[in-house]
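So the sequences go chain by chain: A and B. The working numbering numbers the first residue of the first sequence as 153 and each following residue consecutively. The working numbering numbers the first residue of the second sequence as 1257 and each following residue consecutively. Report on the following structure.
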Amino acid sequence: MPPRIQIISILICVFLVAYVFELVRRKHLSEEYSMGWLITGTSMLILSVSDDAIKWVSGLVGATLFTSTLFFFGLLFLMVICLHFSIRISALTKQVRTLTQHVGILDHEKKVLEKKIHQPPWQAGTSSLEQI
Amino acid sequence: MKTLSYQTFKSQTSPPIESAVIPEDDTAETLSPQEPLTKPPKTLIIIPAYNEEKNIGAVLEGIQKQSPGIPVLVIDDGSSDNTEKVVRQHNAKVISLPYNSGYGVALQTGFLYAVKNDFSIVVQMDSDGQHDPANIKDLIEEVQKENCDVVIGSRFLSKDSYKTSLARHAGMILFGAIASLFCKQKVSDPTSGFQALKERAIQFIASDNYPPDYPDADFIILMNRCGFKIKEIPVTMHASPDKESMHHGHKTVYYVFKMFLSIFVTLLRKYPKR
């Protein structure tokens, strides 16, 4: 691998790993979500530093250029991370939806109770559309 | 991460407020010696509404005229207009969702409410005036019969209904044909939101199985595969006064994609018979 791209790649990976640690330390990123980034950064760092590792992996995937191997695995890791996030977003959307429904129902029940508490007994009758 | 299920929610909250908290108001819950021993089924009409201040009043008046005595629950799906105010002026119940969540979510909220308050029959209809309240009693009569869990009001079985656009009609025919094929019965109007459901079908809709965006042919196939008995009856549908369909513009492309994908995965999944 040309030394210039090797140095750039090492610097980017070191920066990525260090930045993820810093984000976790500041509690801007949870440990759960940091795992994917740390695995990506560390793997790419190993591939950038070790000539033997990148040679072996390039031979494994059939790449003629070492830089292609780096790009290939970088892209692969990003795809996995994106898919993981899509799964997480789907779960969160479902949870928000459920909470929204429950908030709506609980708010309605609160209003019904407030109405019943503040309403004088002689006005307790309801219209036909309201009697539930 | 575990999703908060409705059963958890139900077990954590108090019994239905309307029937349990202040019993002296709840005259409908107690039978006097003069009344017949068999109580009529507890019925609820659910109407999801989003920015329908112009139409919802007429719909509620129509229901009050055609089906007096049946309570109505409007789910205000985060409207930015005066929909909630108009509903309250007509003395109907209203659940307001904090933000616009979509047709399916609003509708399912009504079904969650129906399960929580032990309603045994639910009629769902649209808020834009398309569905004729005169057909509500037909749907209720039909769903009360044995061997029937869901009754779908079909515009194509009625001569009085409005004519849809060619593209929309083609979509309905396509997904109707797919639903008919897999349900092994004729499904002429899979997009109809004018339906009556009873008991276990209500609980099924309140569960995680319900598609959150727009329940359509995929949900009919799902219900059929779970053993629910589905019938269609003719109903009158009017053209929507001033609004476009839910599936217009780029949403049409997503609708077709979503429906094919949803039907495909529905057929791949295994569901317990009811």
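Note that beta-carbon positions come from the ideal geometry of N, C-alpha and C, so glycine has one too. Keep in mind the model is a prediction, meaning the values are calculated, not measured.
Taking buried to mean at least 16 other C-beta atoms within 10 Å of its own C-beta, is residue i buried or exposed?
i	result
Thr1365 of chain B	buried
Val1521 of chain B	exposed
Trp189 of chain A	buried
Ile1429 of chain B	exposed
Gly256 of chain A	buried
Cys165 of chain A	buried
Gly211 of chain A	exposed
Lys1454 of chain B	buried
Ile159 of chain A	exposed
Thr192 of chain A	buried
Arg178 of chain A	exposed
Glu1308 of chain B	buried
Asn1373 of chain B	buried
Thr250 of chain A	buried
Asn1391 of chain B	buried
Phe237 of chain A	exposed
Gly214 of chain A	exposed
Pro1471 of chain B	buried
Gln1380 of chain B	buried
Phe1438 of chain B	buried
Val1399 of chain B	buried
Using DSSP with H/G/I as helix, E/B as strand and the rest coil, what is residue i?
i	result
Gln1400 of chain B	coil
His236 of chain A	helix
Leu217 of chain A	coil
Lys1349 of chain B	strand
His180 of chain A	coil
Ser1336 of chain B	coil
Pro1324 of chain B	coil
Phe264 of chain A	Just to set this straight, residue 264 of chain A is Val in the shown sequence, not Phe. In this structure, Val264 of chain A counts as helix in the three-state DSSP scheme.
Val166 of chain A	helix
Val1443 of chain B	coil
Ser202 of chain A	coil
Ser1463 of chain B	coil
Ser1421 of chain B	coil
Glu174 of chain A	helix
Asp1472 of chain B	coil
Ile160 of chain A	helix
Glu1317 of chain B	helix
Ser1357 of chain B	coil
Asn1480 of chain B	helix
Arg249 of chain A	helix
Lys1372 of chain B	helix
Glu1280 of chain B	Caution is warranted here: a pLDDT of 35 is assigned to Glu1280 of chain B, below 50, making its placement in the model unreliable, and no coordinate value can be reported.
Gln271 of chain A	coil
Glu1285 of chain B	Legend: pLDDT at Glu1285 of chain B = 38, less than 50; position of this residue unreliable, value from coordinates given subsequently. If DSSP states are grouped into helix, strand and coil, Glu1285 of chain B belongs with the helices.
Pro155 of chain A	helix
Lys1393 of chain B	helix
Arg1525 of chain B	coil
Lys1415 of chain B	coil
Lys1485 of chain B	coil
Lys1310 of chain B	coil
Kindly identify the DSSP beta-bridge partner or partners of residue i.
i	result
Pro1490 of chain B	B:Ser1410
Ile191 of chain A	None, per the DSSP bridge assignment.
Ala1452 of chain B	B:Val1379, B:Val1407
Thr1299 of chain B	B:Ile1377
Pro1304 of chain B	B:Ile1331
His1387 of chain B	B:Met1493
Contact defined as beta carbons within less than 8 Å: I believe residue i pairs with residue j. What is the distance between those atoms, to the nearest angstrom?
i	j	result
Ala1457 of chain B	Asp1405 of chain B	4 Å
Phe1431 of chain B	Met1515 of chain B	6 Å
His218 of chain A	Ile206 of chain A	With the sequence shown as reference, residue 218 of chain A is identified as Phe, and His is not the correct amino acid for it. Between Ile206 of chain A and Phe218 of chain A the Cβ distance is about 5 Å, and since that is below 8 Å, they are a contact.
Ser1302 of chain B	Ser1383 of chain B	Going by the sequence as given, residue 1302 of chain B is Ile instead of Ser. Going by Cβ atoms, the distance from Ile1302 of chain B to Ser1383 of chain B rounds to 10 Å, so no, they are not a contact pair.
Val1407 of chain B	Gln1459 of chain B	With 8 Å as the limit, Val1407 of chain B and Gln1459 of chain B do not qualify as a contact, their Cβ atoms being about 17 Å apart.
Val1539 of chain B	Ser1410 of chain B	Nothing about residue 1539 of chain B can be reported from this structure: the residues present for chain B run from 1257 to 1530 only.
Ile1486 of chain B	Leu1395 of chain B	Actually they do not touch by this definition, with Cβ atoms about 13 Å apart.
Ile1545 of chain B	Thr1299 of chain B	Since the displayed chain B opens at 1257 and closes at 1530, residue 1545 of chain B lies outside it and no answer follows.
Val176 of chain A	Ser161 of chain A	That pair is no contact at about 23 Å.
Leu235 of chain A	Leu199 of chain A	Leu235 of chain A to Leu199 of chain A, Cβ: 21 Å. No contact.
Ala1462 of chain B	Val1371 of chain B	5 Å
Lys1246 of chain B	Pro1324 of chain B	Not covered by the structure: residue 1246 of chain B. The range shown for chain B is 1257 to 1530.
Val172 of chain A	Leu163 of chain A	Going by Cβ atoms, the distance from Val172 of chain A to Leu163 of chain A rounds to 15 Å, so no, they are not a contact pair.
Leu1353 of chain B	Thr252 of chain A	6 Å
By the criterion of Cβ-Cβ separation under 7 Å, what are the contact partners of residue i in chain C?
i	result
Val255 of chain A	Given the protein chain composition of this structure (A and B), no chain C is represented.
For the region 1355 to 1364 of chain B against the region 1331 to 1340 of chain B, are there 3 or more C-beta pairs whose distance is under 8 Å?
yes
Between the region 1367 to 1377 of chain B and the region 1479 to 1493 of chain B, can you find at least three pairs of beta-carbon atoms closer than 8 Å?
no
Are there three or more Cβ pairs, one per stretch, closer than 8 Å when the region 1336 to 1355 of chain B is compared with the region 1300 to 1313 of chain B?
yes
Contact between the region 240 to 248 of chain A and the region 196 to 216 of chain A: three or more CB pairs below 8 Å?
no
Inter-stretch contact (C-beta, 8 Å, three-pair minimum) for the region 1458 to 1466 of chain B and the region 1430 to 1446 of chain B:
no
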